[in-house]
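Here is the structure we will look at, set down as structure tokens.
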Amino acid sequence: PHFIIELPDKNDALCFNINDRPGTIFNLVRDPESGISVNGQIIGDKKTPPNGKINTYFWRFGIVHQTLGVRLMVSTQDISVFQGGKRVKLLWSDTASLKRPNMDLLVQKDRSLTVTLKDSVKFVILLHKVWQKHPYHRDYLGFYTLDTHLFSSSVHGLLGQFYNGIEYEVTDLRPGATPEKPDATMYVRGHELNVTRGLQRDFRRDVKNGEDVPCWFIHSNGNGLIDGDATDYIVSGLF
Amino acid sequence: PRRQTRGATTSLQVEVQSVTMDCTVTSRFAHTVMTSKALNKANSSQEIFFEVELPKTAFISNFSMEIEGQVYVGEVKEKEKAKKQYEKAVSSGQTAGLVKASGRTMEKFSVSVNIASKSEVTFVLTYEELLQRKKGQYEILTRVKPKSLVQEFKIVTNIYEPQGLAFVDATATFLSNDLLPLVEKTVTDKKAHISFSPTIEQQRTCPGCDGTVIDGDFFVRYDVNRAGTLGDIQIVNGYFVHFFAPPDLPRVPKNAVFVIDKSGSMFGRKIEQTREALLAILKDLHKEDYFALIEFDHQISAWKESLTRATMDNLAEAMNYVKNIRDQGATDINAALLRAVNMLAKDRQENRLPERSIDMIILLTDGMPNSGEHNTMRIQENVRAATGGNMSLFCLGFGNDVDYSFLDVMSKQNKGLARRIFEAADATLQLQGFYEEVANPLLSEVDLHYPDNAVDVLTTNHFNQLFNGSEIVVAGRLRDDHMDNFMVEVMGQGFEEDFKVQGQASAVDWGVLYPDEDYIFGDFTERLWAYLTIQQLLDTSRSGEPNEKANATAKALEMSLQYNFVTPLTSMVVTKPETEDGTDSPLIADKLTEEQRQQSERVAHRYSSPSSYMPQLQPTYLVDGD
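Protein chains in written order, with our numbering: chain A, 1 to 239; chain B, 1001 to 1626.
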């Protein structure tokens, strides 16, 4: 999966990929103060494509809000909401909404799930539907955090660590492997990284084609940009 | 010190009957009244807008709307109290904020009101400020954009300066050869009257056209005569003001260390403009001055290990060095500043610098520290401890990513000041302009003394420097309203010898000075004193010692309320007339802080950037498939 960190104050964005063996679960957000955590499990292609590169995607997310006593499990098949010992199951094939005192859910048929947890977080999960008989690819999900201002300063995780901003500088722009993707040197978190200007896609407005987001691409699973390395974010279960 | 104005805005169904900007300056204290009158000619009620721009250094002191004989007047309240009304307005869907940042030096005040068919509305906004002398002149700017033809359009400026006027200039960006003769200027010894009042036909872009040529900036610039070294002291109604900028003082040599941020974010135009400005600044150094160049990213490097005399040969060598400064790396402000401080201190210790000279560090940076010490408060502490009050720090914050308040506080803690440099084609000129303001110190450690038994509440009377082309202003309240003279003493350190002058301050008889004026505005000295006191208290509340801050804030609030000034601690609440659905809607005029201005510029910058792809304001953090 690809990660995009948009930084409107800098009119810029950072991006990186994280890949691991299919089945690995990564922690995306963990805020001990508000009791929110988001974990995601990746899945691989059906079989090795001709180019030999197995892509991985998120196919399941587990979202917990301990204070509100809410758990959500969102997969490419369905959406389950657990609260107060009860389970509500919603299907991607229906447009549905669920209004609770502490939570709003809106499912747009075969497209998106918008979740607003009271006084804490708002996010969107996009469903990317792939032709069922596609020889290699499967359905997968995207996770977009829309409002982060209520997270605490100790929020962490592969996405969460950027919610309070990140300082970096880019210099020494130079020709890269392809003319439209120049390389540069990035100074971030005390590291000096070789980065590449490229494009990644934001699918919120156009779930099929996406919109290009120019960004500085950090190679090697975001090493140097993320705190520690990607394996530090592997967790044993969705909740 | 600038003014900027727009009249009531219009649709075809609104007739703007008059727009008047009336500015009265009395001893540098400017009192401006903007009046706009409009008629709703439509057969139904409609919204009429009033948009004006005022200098960010000004305080609004009054606002009113007159609709069908009923006057709605603004009331200055403590910000927190006003906020409750603001929240009510917001929750009912109203736009409650009236003041927005506009450009580098202005704030935009806008209000709209629903006016019945065939009815008139008159808006009146008043604001006040003390004009600051820069590069040997005071400037009043009125930006006029009436948006349509106006039946009666008038800009009037009256200047009363008891010291006498050295010159008065009036120009405008929109003045063609046809309009130029319409600027009427009458200057006598102590008074100037400038007016500009084109007829509706003269406003037209072409005969029969509805467009107006009146769109741009109208400037009045002037200076006063300066006789005597004591300066000018005016006593009026129990308050006094002392203007100190003696003529013909020799400049004091300076020892300037230029600390230049060349980190990666200076890439492109910013580093080019920095190089251009530095080359121009080096050319202007006097041969008695000493200078050093320190460039930094996450590493620090100096041109030479100590300060160098500004001889022709040394300057030529330094210019070559400057031409080769390239952007690279991260930002370590702490280490760079400490290196500069140590260099100055060491050279002082080793007697390499002239004894009577001023030590200054000029920092230029565009970003937050992200290498070495990151904590801005610790950097402030480190720099303050290192300078020990022995040198001045001037900070230039380049662009919108810079934490201006960090630089502002750090400068003030070290006898200096900060300035924002806006990313634009004229950034080189902005950099040079700031340097010119501080390049020629005339005196250091200036103290202005007034007898304790005569003066009660005094604004700041110690100044680290007096720069050529600027002016020191001190105001105070007299213990006895009827007192009409007292002794004044000014001391400072000048070139070659100490500066010391004593004299008698005497009340001026305004009736004799201006016999033809029935009334100018009688309490201006008191309001000037209040304005200056509040400005200084607001500074203390931001950059003073922790124990001073709370007191200064409380006192500034009390005085803002007492003198009806909209400052960062107060808001003006205006209650609009009831709408058709029976609800009234309070509106709030606030004073923006520099941080708020910067934030709004960041947003404006994003929206105006053609390459901006961001679909919304909030940053988004996402993970998705390819």
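Think of the CB as a built atom: it goes at the ideal place given N, C-alpha and C, for glycine as much as any other residue. The structure displayed is predicted, hence computed values, not measured ones.
Item	Value
Which of helix, strand or coil DSSP assigns to E1558(B)	helix
According to DSSP, residues forming a beta bridge with D1169(B)	R1221(B)
Near the ligand FMN: N1237(B) beta-carbon under 6 angstroms from a heavy atom	Only the bare structure without any ligand can be found here, which leaves the ligand FMN out of the picture.
Contact under 7 angstroms by Cβ, G1367(B) with D1332(B)	no
I1472(B), DSSP secondary structure in three states	strand
Beta carbon of T56(A) nearer than 7 angstroms to that of G44(A)	yes
S1044(B) versus S1119(B) - alpha carbon distance	10 angstroms
7 angstroms Cβ cutoff, Q128(A) in contact with chain B	Note on residue identity: the sequence assigns His, not Gln, to residue 128(A). Yes, its Cβ sits closer than 7 angstroms to a Cβ of chain B.
Cβ-based neighbour list, L1285(B), same chain, cut-off 7 angstroms, excluding 5 preceding and 5 following	F1291, A1310, L1315
Residue interval of the alpha helix (DSSP H) (run including S220(A))	219-222
Among T1173(B), E1128(B), C1209(B), N1461(B), the one whose alpha carbon lies nearest that of F1219(B)	T1173(B)
Given V1259(B) as reference, the closest of Q1299(B), E1471(B), D1481(B), S1541(B) once Cα atoms are compared	Q1299(B)
CB contact check: M1368(B) to chain A, cutoff 7 angstroms	yes
Test item: CB-CB of G1416(B) and S1444(B) under 7 angstroms	no
Opposing strand residues paired with H65(A) [DSSP bridges]	I36(A), V70(A)
Per-residue contacts from M1298(B) into chain A (C-beta, under 7 angstroms)	What sits at residue 1298(B) in the sequence shown is His, not Met. The contacting residues are Y187.
Positions along the stretch 1541-1554 of chain B whose CB lies within less than 7 angstroms of some CB in chain A	none
Under the three-state DSSP convention, the category F1394(B) falls into	strand
In chain order, each beta strand (DSSP E) run of at least 3 residues that lies wholly inside the stretch 147-197 of chain A	168-178, 181-188
Simplified DSSP state of P1055(B), which is helix, strand or coil	strand
Inter-residue Cα distance where the pair is Y140(A) and K46(A)	12 angstroms
Closer than 8 angstroms at the beta carbon, the chain B residues around N105(A)	Correcting the residue type first, residue 105(A) is Leu in the shown sequence and not Asn. Chain B residues near L105(A): none, gap ~19 angstroms exceeds 8 angstroms.
Contact set between A1267(B) and chain A, taken where Cβ atoms lie within less than 8 angstroms	Residue identity check: residue 1267(B) is Phe in the sequence provided, not Ala. Residues of chain A passing the Cβ test: V170, T171, L173.
Interface flag, V1099(B) vs chain A, CB-CB below 7 angstroms	no
Below-7 angstroms beta-carbon distance, S1405(B) vs any chain A residue	no
7 angstroms Cβ cutoff, D1261(B) in contact with chain E	The chain labelled as chain E is not found among the protein chains of the depicted structure, namely A and B.
DSSP state of K1077(B) mapped onto helix, strand, coil	strand
Proximal chain A residues relative to G1389(B), where beta-carbon distance stays under 9 angstroms	Result: empty, since nearest Cβ-Cβ is about 31 angstroms, beyond 9 angstroms.
Reduced DSSP category for G1164(B) - H, G, I as helix; E, B as strand; rest coil	coil
Status (buried if at least 16 other CB within 10 Å, exposed otherwise) for H191(A)	exposed
In chain order, each alpha helix (DSSP H) run of at least 4 residues that lies wholly inside the stretch 1223-1287 of chain B	1269-1284
N- and C-terminal bounds of the alpha helix (DSSP H) containing S1405(B)	1404-1413
Backbone secondary structure at I18(A) - three-state DSSP	coil
Selected residue, minimal CA-CA separation from E1152(B), among V1099(B), Q1017(B), I1358(B)	Q1017(B)
Chain A contact for V1623(B) (CB, 7 angstroms cutoff)	yes
Contacts of Q1328(B) in chain A (Cβ-Cβ under 7 angstroms)	T171, D172
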